[in-house]
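Step one of this worksheet: look at the structure below.
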């Protein structure tokens, strides 16, 4: 899926595969070991 997210004062977009959702930390965990907080995600397609 295409995820647009906020990081270091920039809006970035990247195709990622989400492998897990951590509700306790409010985060998506992706295949490249990247973790995105729900609050930093602006769009998902």
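Residue numbers (the numbering used here): 56 to 100.
The beta carbon of each residue, even a glycine, is placed where N, CA and C say it ideally should be.
Just so we're clear, the structure is a prediction, and the values are computed from it rather than from any experiment.
Query: Quick check on the burial criterion: 16 or more other C-beta atoms within 10 angstroms. Buried or exposed for residue 70?; Result: exposed
Query: Just the C-alpha distance for residue 68 and residue 96, rounded to the nearest angstrom, thanks.; Result: 10 angstroms
Query: Considering only C-alpha positions, which residue in the set 82, 100, 86 is nearest to residue 94?; Result: 82
Query: Applying the criterion that 16 or more other CB atoms from any shown protein chain within 10 Å of the CB defines a buried residue, is residue 65 buried or exposed?; Result: exposed
Query: Could you tell me if the beta carbon of residue 58 falls within a distance shorter than 6 angstroms of some heavy atom in the ligand FAD?; Result: Among the ligands in the structure shown, none appear at all, so the ligand FAD cannot be discussed.
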